[in-house]
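In what follows, a structure is listed as C-alpha cells, so that the remarks can point back to it.
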Amino acid sequence: MITIDDILETNRMITQNKLDVRTITMGISLRDCSHPNIKQFCQNIYDKITTSAEFLVKTGEDLESEYGVPIINKRISVTPIAIAADSCKTDDYLPVAEALDKAAKAVGVNFIGGFSALVDKGFTNGDKILIQSIPQALANTDVVCASVNLASTKAGINMDCVRQMGEVIKRTAELTRDQQALGCAKLVTFANAPTDNPFMAGAFHGVNEAERVINVGVSGPGVVKHVLEDLKGADFSQIAEAIKKTAFKITRVGQLVAREASKRLGVPFGIVDVSLAPTAEVGDSVARILEEMGIESCGAPGTTAALALLNDAVKKGGLMASSHVGGFSGAFIPVSEDEGMIAAVKSGSLSIEKLEAMTCVCSVGLDMIAISGDVSASTISAIIADEAAIGVINNKTTAVRIIPVPGAKVGDVVEFGGLLGYCPIVPVKSEWSSEAFIARGGRIPAPLRSLTN
Amino acid sequence: MKLVVTVVGKDRVGIIAAVTKILADNNVNILSINQNILDGFFNMILLAEASESKMPLVELQSALKTQGEEIGVEIKTQHQEIFDVMHKI
Numbered sequence: 463m464i465t466i467d468d469i470l471e472t473n474r475m476i477t478q479n480k481l482d483v484r485t486i487t488m489g490i491s492l493r494d495c496s497h498p499n500i501k502q503f504c505q506n507i508y509d510k511i512t513t514s515a516e517f518l519v520k521t522g523e524d525l526e527s528e529y530g531v532p533i534i535n536k537r538i539s540v541t542p543i544a545i546a547a548d549s550c551k552t553d554d555y556l557p558v559a560e561a562l563d564k565a566a567k568a569v570g571v572n573f574i575g576g577f578s579a580l581v582d583k584g585f586t587n588g589d590k591i592l593i594q595s596i597p598q599a600l601a602n603t604d605v606v607c608a609s610v611n612l613a614s615t616k617a618g619i620n621m622d623c624v625r626q627m628g629e630v631i632k633r634t635a636e637l638t639r640d641q642q643a644l645g646c647a648k649l650v651t652f653a654n655a656p657t658d659n660p661f662m663a664g665a666f667h668g669v670n671e672a673e674r675v676i677n678v679g680v681s682g683p684g685v686v687k688h689v690l691e692d693l694k695g696a697d698f699s700q701i702a703e704a705i706k707k708t709a710f711k712i713t714r715v716g717q718l719v720a721r722e723a724s725k726r727l728g729v730p731f732g733i734v735d736v737s738l739a740p741t742a743e744v745g746d747s748v749a750r751i752l753e754e755m756g757i758e759s760c761g762a763p764g765t766t767a768a769l770a771l772l773n774d775a776v777k778k779g780g781l782m783a784s785s786h787v788g789g790f791s792g793a794f795i796p797v798s799e800d801e802g803m804i805a806a807v808k809s810g811s812l813s814i815e816k817l818e819a820m821t822c823v824c825s826v827g828l829d830m831i832a833i834s835g836d837v838s839a840s841t842i843s844a845i846i847a848d849e850a851a852i853g854v855i856n857n858k859t860t861a862v863r864i865i866p867v868p869g870a871k872v873g874d875v876v877e878f879g880g881l882l883g884y885c886p887i888v889p890v891k892s893e894w895s896s897e898a899f900i901a902r903g904g905r906i907p908a909p910l911r912s913l914t915n
Numbered sequence: 206m207k208l209v210v211t212v213v214g215k216d217r218v219g220i221i222a223a224v225t226k227i228l229a230d231n232n233v234n235i236l237s238i239n240q241n242i243l244d245g246f247f248n249m250i251l252l253a254e255a256s257e258s259k260m261p262l263v264e265l266q267s268a269l270k271t272q273g274e275e276i277g278v279e280i281k282t283q284h285q286e287i288f289d290v291m292h293k294i
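Each protein sequence line maps, in turn, to chains R and D. For the first sequence, position 27 matches number 489 in the working numbering, and the numbering has no gaps at all. For the second sequence, position 71 matches number 276 in the working numbering, and the numbering has no gaps at all.
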C-alpha cells in the first residue's frame, strides 16, 4: 500500500524540486523515403513524419495530466538526412530541412533532430552536401536541429570535417546574427554519438534502430540537490548512495511514461536516458549540486571529482530502474541552460578550460557556451578537435555546441530564450593561433585500446 | 485503476462534500481518506478506485480541478501508478 509520505515526497519532487520528464522523443526511420527527385523525397518524409507522430503530442499531454508529472517536450528524431537523402539528385538539402520544419510544426513538436551526418571515418557525397547546407538550413528553419559525428574511438578523428565545422559554425552564427547566433544552439558536433539519444540538439534516429521507437529523457537536478541538502558533512559513500536512490526514483518515472507512451502510440519502447538536464531557472541546476558537495563556486578545484561522483552515481541508480537505459545518461553541463553555471562564469570561477576537464567525466561535452564572435573558425575547430580527442581516447561521447555571437565581447550577456537560457560570453584563449594545426586536415588515427596509462 | 486525490487550501465548510460528490456522481469508490487541518489550512489525501468511472481520467481531473477553483482549494488528481513505481521495487 502506498503511504502518505510517499505521496508527499513524489509531489514535493514535482512541485518544489522541478522533477520532470524532459522529453518524449519519437525516432522515425526515413530509410524508405529515398527518391532521386528531391521534391518527391521531401513529400515522402513529410508524409511519413506526420503520419507516424500524429498523436505524439496529444499522448504526451494526456500522460502529463494523468500522472501529474510535467512532460516538457515532445520531439522527433529521424534517420540522418545525409543517409536518407543521399540518392537525391541535388547539391543542396535546404528543401529537406524546410520539409522537416514543416512536418514538425504540423504535428506540434518543439524540435526535430536528424539534419545530421556520420562522418567519423569519411564523407559520402550526401555527407558533403548536408554539411554545406547546415548554415542556411538552420537560418531558414525554426525547429530543425543539426548534428555531425566527426570522430569515434573505432575510426579516429576526421580532421577535414573538424576544419570544416569551424567554418560552418561561424557561417551559421553570421546567418542568424539577428537572433544572437541562435542557429549555433541547434548545431552539435559529436565524437562517439549515441544513436538513441532523445535530447536535442543532438538527437538522430540511428541506422541500427527500429522503424519507429519511443525514447524518453528524464531530468531532476533539483531533486538531487534537495537530497544533498539533508546530508551536510556526510562522507562521499553516503552521498553516492543518496544520489543513486534518487536517480532510481527519477528514472522509474521516466520508465513509466516511456512504457505508457509506447503502449498508447503502438510504437516500441527504446530507452530511457537517465540524465540530469538543468534549466536556467533557480533550483534546476547541476552546478548547484556540485556546490552543495562543498565547492564554493562551480569550477573551483574539486569540481571535476564532484562531477565524476555525480555522473557515476546517476548512471548506477538509473540503470536498475529501467529495462533499457541509453542515450547520454549522466549529468549535463550546459552553461546557458544552468543557473549555477551562468553564475560561475560571471564570478570567474568557471572557465572553458575547466569545462573541458569536466567533460572528461560528464555525460556529454562543451555545451551551450557563448563566445565572442571574433574567435576565428580555426580556433573553434581546434576546440572541437580537443573535445573529440577526449571522447575518442576515453571511449565516451563528447560534443561541442558553441555559439560565437557576432559583435559580442567578454563581459556581455546574450539571451537565447526559453530552455536555451542566457549566457555571459566565455573567454577563449584565441590570441594564440591554432590555424596551422587545423589546416593540416586528414585523419587522426584510431587510438590504441591497451597500455592505457 | 486507482487514483490519488490531493487537496490543499484554506479551510472552509464543505470541501470534502464537494470533492466526494463529484467522485460519487461518477461512480468512483473511495478507498481511504487522510485529512487534517494545520494552521487553518486544509490537507487531504484521498485514495479511490476509478476503474468503473463514468468519465475518462483526464475529464475527471478537469472536473475536480474546476471544483477546487470554485471553492478556493487546489485539487490534484493522479494515477496511483506514479507513486507505486517510484517507491516500490
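The beta-carbon is built from N, C-alpha and C at its ideal position, and this holds for glycine as well.
query = Helix, strand or coil: how does DSSP classify D:Q205 here?
reply = Lying outside 206 to 294, the shown extent of chain D, residue 205 of chain D is not represented and no answer is given.
task = Verify the CB distance criterion: does R:K687 have a CB-CB separation below 9 Å to chain D?
result = no
request  = Quick one: list the residues of chain R neighbouring D:M291, beta-carbon separation under 7 Å, in chain order.
outcome  = Listed by position along chain R, the residues whose Cβ is nearer than 7 Å to that of D:M291 are T472, K711, R714 and V715.
Supposed close pair R:I631, R:P866 - CB separation, criterion 8 Å = 7 Å
First and last residue of the uninterrupted beta strand (DSSP E) at D:F247 = Segment F246 to E254, the beta strand (DSSP E) holding D:F247.
ask   = Can you pull the DSSP bridge partners for R:K536?
value = R:I486
task = Please classify R:M803: does DSSP put it in a helix, a strand, or coil?
result = helix
query = Helix, strand or coil: which one does DSSP assign to D:L228?
reply = Here D:L228 sits in helix by DSSP.
key: Selection of the segment 235 to 255 of chain D by Cβ proximity to chain R, strictly under 8 Å   = N239, I250 and L252
As assigned by DSSP and simplified to three states, the class of R:S609 = It is a strand residue.
message = Strictly under 9 Å for the Cβ-Cβ distance: is R:V531 near chain D by that measure?
response = With 9 Å as the cut-off, R:V531 counts as an interface residue toward chain D.
query = Counting contacts by CB-CB distance shorter than 9 Å, is R:T465 in contact with chain D?
reply = yes
ask   = For the segment 259 to 278 of chain D, which residues have a beta carbon sitting closer than 7 Å to at least one beta carbon of chain R?
value = L262, V263 and Q266
inquiry  = Using beta carbons (cut-off 9 Å, strictly below), is R:D482 in contact with chain D?
reply    = no
query = Who are the neighbours of D:E301 on chain R, taking C-beta pairs under 8 Å?
reply = The structure shown does not extend to residue 301 of chain D, since chain D is modelled only from 206 through 294, so no value can be given for it.
key: Partner residues on chain D for R:I469, Cβ-Cβ distance less than 8 Å   = V209, T211, I250 and F288
message = As an exercise, report each continuous beta strand (DSSP E) stretch of at least 3 residues that is fully enclosed by the segment 578 to 660 of chain R, in chain order.
response = 606 to 614, 618 to 620 and 649 to 653
ask   = Based on the DSSP secondary-structure assignment, which residues constitute the bridge partners of D:S237?
value = D:L252
Contact under 9 Å by Cβ, R:F652 with R:N602 = It is not a contact, given that the beta carbons lie outside the stated cut-off.
request  = Spell out the partners DSSP gives R:Y884 in its beta bridges.
outcome  = R:E877
task = Report the option in R:C760, R:A805 and R:T841 whose CA atom is closest to the CA atom of R:Y884.
result = Shortest Cα-Cα distance from R:Y884 to any of R:C760, R:A805 and R:T841 involves R:A805.
ask   = Among D:K207, D:T282, D:T211 and D:L228, which has the Cα closest to the Cα of D:I250?
value = D:T211
inquiry  = I'd like the list of long-range same chain contacts for R:E743, defined as Cβ closer than 8 Å, with 5 residues on each side in sequence excluded.
reply    = Within the same chain, and ignoring the five residues on either side of R:E743 in sequence, the residues whose Cβ sits closer than 8 Å to its Cβ are K480 and E801.
task = Give the secondary structure of R:R911 by DSSP, where H, G and I count as helix, E and B as strand, and everything else as coil.
result = coil
ask   = R:R905 bridges to which residues according to DSSP?
value = R:N620
ask   = Closest by CA to R:A544, which one among R:L492, R:E849, R:P889 and R:L772?
value = For the options R:L492, R:E849, R:P889 and R:L772, the alpha carbon positioned closest to that of R:A544 is the one of R:L492.
Endpoints, beta strand (DSSP E) assigned at R:A832 = L828 to S834
ask   = At a cut of 8 Å, does the segment 674 to 682 of chain R reach the segment 729 to 743 of chain R through at least three beta carbon pairs?
value = Judged by Cβ distances under 8 Å, the segment 674 to 682 of chain R makes contact with the segment 729 to 743 of chain R, as three or more pairs qualify.
ask   = Are any of the Cβ atoms in chain R nearer than 9 Å to that of D:K215?
value = no
ask   = Interface residues of chain D around R:D524 at Cβ under 7 Å?
value = V263
request  = Let me know if R:N654 comes out buried or exposed under the rule of 16 or more other beta-carbons within 10 Å of its beta-carbon.
outcome  = Buried, since its Cβ has 16 or more Cβ neighbours within 10 Å.
request  = Could you check the C-alpha separation between D:G214 and D:F247 for me, to the nearest Å?
outcome  = 5 Å
request  = Hey, could you find the ends of the alpha helix (DSSP H) R:E683 is sitting in?
outcome  = In the sequence on display, residue 683 of chain R carries Pro and not Glu. Element bounds for R:P683: P683 to E691.
key: Own chain, CB closer than 6 Å to R:E673, minus 5 neighbours either side, in chain order   = S491
message = Going by DSSP, what residue range makes up the beta strand (DSSP E) through D:L208?
response = K207 to K215
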